[in-house]
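Residue numbers (my numbering), protein chains in the order written: chain W, 2 to 244; chain P, 650 to 1038.
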């Protein structure tokens, strides 16, 4: 699978938040997207996934060469895209299992029985060190920040996208939880060959992952690309001086 | 009923004109049997404007003029409470008396189906330590323009537990107007679940009193409106004694140009030390023309150790939540269904009677999706998956 973001501009409420960004990701690749607060990283993620308020005003988003600019979010998901939300919504009354079951039925990506599905959820939850009772509860309702992030990763593992955009999977996590989440991302990539765009502010999660490329975004645009050394430079000098 | 006159509630109310003569229809027992077959269930009591079938244990059905004196003596409404109460007390064609002896358990299902006007009463007395699960299903024999007017009285003796679920699925063109009064005594509990889906116009007034120490009231109401349906739901909960608990949760999901007034009123009376009183009213608007007036109110006459809160919130369907669901590959129709189902499940989760719960869930989800009501919905596991029990 290949995701191409070509000279994309995104507006929200008439305000340009992404201003001509290019980014290409293939299956099996790990790309890290960094940048100061408000530079447009999450807006890019939402725009690529098809949030109706984040309109792509110009440029193209392509999945395996097919333009998806006008597709609704569910069709983009069916093509293999996945967005891990920075701030997942809470939906009281919608059980995680019910939600995941409805999602996998819509995606028609596996033929597992309900029992096999439940076993996989149990196994993946255990791998994420999520309390078993948590997946029986309403989606994200009353969860800690860390639990929400882990439930997002659990959803990715169950739905098995071709390319996942992970919007700050490490923010709000303690040291141990960052390691667990990173290991699960790495394992998922190995198991499925998925490509990842990882949005983060911190280098800590990258201790456990091997990115193929680092992209630095500023003022709605990717302005610098390189290897892991770029992270060290940013850590040392900050975005103002380092970029 | 609280002594306070709430002008806001008076201004926001549906005015009904009560018919002077009661029109009687034709036999509906054949249709009732069909409904039972469709639902694969049997009701203990089938009550209509023309006839009644009663096989329920602890249940007796009387006509108004044959009600025994001892039951008359126990009645807790006399028509002075409210115009609806007065009308039904004066015009009831049948009175269903449910009397659960001390420490007995009972599960009773009532189908109310009419082809003409039907004012009737359900008098419930739960003896000390008893348990009752009462489910009432209101439906139409055909398209009708008649009203069903139930009056309920509940007397829940000490340490008894009563669960009451009412599901209205009457056809378009009909009207439901009702009155309910409950007295809950020491350590007893009343769980009341009201599911309002059918009828063009619904006007209900309920008064629930936690009358002795330790009494608990847990009332839930869910309204699902479509087209030009109108709902006027007025519920009073009262903590009359120390260490009582009274909670009212009301929800509404409205489409089309439907209108709903949620008027939850809580009162904590003098010397009700340690009382807990809660009112929550929430609404979702599925269309621009739909309208919800959520008007919670409270009168707190005592402050020592009392905890009392009320809240109200109404909003259109959450775009971010819909996007979140759709981002997992679920189309917009199913996403809306999941979201609305999740909202409703909070109000249906208190129903422990499986038939009542599955029937209510099925018909509400079907209505939220298609706007139709009054028909018997198919009950499927799909609906059960949707709700988070």
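Beta carbons: idealized from backbone N, C-alpha and C, even for Gly.
Length of the line joining the Cα atoms of residue 82(W) and residue 136(W): Taken atom to atom, the span from the alpha-carbon of residue 82(W) to that of residue 136(W) is near 23 Å.
Looking only at its chain, what residues have a beta carbon closer than 6 Å to the beta carbon of residue 676(P), apart from the 5 residues adjacent to it on each side? Counting only Cβ-Cβ distances below 6 Å, and skipping sequence neighbours, we find 699.
Can you look up residue 857(P) in the DSSP assignment and give me helix, strand or coil? DSSP places residue 857(P) in strand when its eight states are reduced to three.
Residue 980(P) at chain W interface by Cβ criterion, 8 Å: Interface residue, yes.
Contact list for residue 988(P) against chain W, beta-carbon separation under 8 Å: Within 8 Å of the CB of residue 988(P), the CB atoms of chain W belong to 92 and 95, in sequence order along the chain.
Below-8 Å beta-carbon distance, residue 72(W) vs any chain P residue: Output row for residue 72(W): interface = no.
What number of angstroms, rounded off, separates the C-alpha of residue 628(P) from the C-alpha of residue 908(P)? Residue 628(P) lies beyond the range of chain P shown here (650 to 1038); nothing can be said about it.
Of the listed residues 843(P), 889(P) and 931(P), nearest to residue 863(P) (C-alpha basis): Selection 843(P), 889(P) and 931(P) evaluated against residue 863(P) yields 889(P) as nearest (Cα-Cα).
So residue 884(P) and residue 895(P) are in contact, right, with Cβ under 8 Å, and what is the actual spacing, rounded? Residue 895(P) and residue 884(P) do not touch by the CB rule: their CB atoms are close to 10 Å apart, not below 8 Å.
List the residues that DSSP assigns as beta-bridge partners of residue 801(P). Residue pairing of residue 801(P) in beta bridges, as defined by DSSP: 771(P) and 829(P).
Specify the secondary structure class of residue 969(P) as computed by DSSP and reduced to three states. In the structure shown, residue 969(P) adopts helical secondary structure according to DSSP, grouped into three states.
With a cut-off of 8 Å on the beta carbons, I'd call residue 1013(P) and residue 993(P) a contact; round off their distance for me. With a Cβ gap of about 5 Å, residue 1013(P) and residue 993(P) count as contacting.
Under DSSP, the alpha helix (DSSP H) around residue 718(P) begins and ends at which residues? It spans 718-723 - the alpha helix (DSSP H) in which residue 718(P) sits, taken as one unbroken run.
Out of 158(W), 146(W) and 91(W), which one is the CA nearest neighbour of residue 121(W)? Nearest to residue 121(W) by alpha-carbon distance, out of 158(W), 146(W) and 91(W), is 158(W).
Among 799(P), 939(P), 918(P) and 878(P), nearest to residue 950(P) - alpha-carbon criterion: When each option's Cα is compared against that of residue 950(P), the closest is 918(P).
Using the Cα positions of residue 1015(P) and residue 1021(P), report the straight-line distance between them to the nearest angstrom. Roughly 7 Å separates the two Cα atoms.
Helix, strand or coil: which one does DSSP assign to residue 699(P)? Note: residue 699(P) maps to coil in three-state DSSP.
With DSSP as the reference, label residue 793(P) as helix, strand or coil. Per DSSP, reduced to three states, the secondary structure at residue 793(P) is coil, with no helix or strand assignment.
DSSP state of residue 205(W), grouped into three classes? Looking at residue 205(W) - three-state DSSP - the assignment turns out to be helix.
Exposed or buried, what is residue 878(P) when buried is set at 16 or more other beta-carbons lying within 10 Å of its beta-carbon? Counting every other CB atom within 10 Å of its CB across the protein chains shown gives residue 878(P) a total of 16 or more, marking it as buried.
So which of 778(P), 798(P) and 818(P) has the shortest CA-CA distance to residue 789(P)? Of the residues 778(P), 798(P) and 818(P), the one whose Cα lies closest to the Cα of residue 789(P) is 818(P).
Near residue 693(P), which residues of its chain fall below 6 Å by C-beta distance, leaving aside the five closest residues on each side in sequence? Excluding sequence neighbours, residue 693(P) sits near 704, 705, 757 and 758.
Counterpart residues of residue 914(P) in DSSP-defined beta bridges: Answer is 885(P) and 946(P), bridged to residue 914(P).
Do residue 777(P) and residue 751(P) come within 8 Å of each other at the CB atom, strictly closer than that value? Cβ distance < 8 Å, so residue 751(P) and residue 777(P) count as in contact.
Rounding to the nearest angstrom, what Cα-Cα distance links residue 205(W) and residue 194(W) in this structure? So the alpha carbons of these two residues sit roughly 23 Å apart.
Cutting at 7 Å between CB atoms, please list the residues of its own chain near residue 935(P), excluding the five before and the five after it. Excluding its 5 nearest sequence neighbours in each direction, residue 935(P) has C-beta neighbours in its own chain below 7 Å: 902, 903, 904 and 966, listed in chain order.
Could you check the C-alpha separation between residue 697(P) and residue 50(W) for me, to the nearest Å? Rounded to the nearest angstrom, the two C-alpha atoms are 55 Å apart.
For residue 118(W), which residues in chain P fall below 9 Å Cβ to Cβ? Those within 9 Å of residue 118(W) in chain P number zero; the least Cβ separation is about 12 Å.
Using a Cβ-Cβ cut-off of less than 9 Å, list which residues of the stretch 31-59 of chain W approach chain P; keep chain order. Contacts with chain P (Cβ-Cβ distance below 9 Å) from the stretch 31-59 of chain W involve 47, 50, 51, 52, 53 and 54, listed in chain order.
Give a yes or no on whether the C-beta atoms belonging to residue 1018(P) and residue 986(P) are separated by under 8 Å. Going by C-beta atoms, residue 1018(P) is nearer than 8 Å to residue 986(P).
Leaving aside the five residues before and after residue 261(W) along the sequence, list all residues of the same chain whose C-beta is less than 8 Å from its C-beta, in chain order. There is no way to answer for residue 261(W), as the model of chain W reaches only from 2 to 244.
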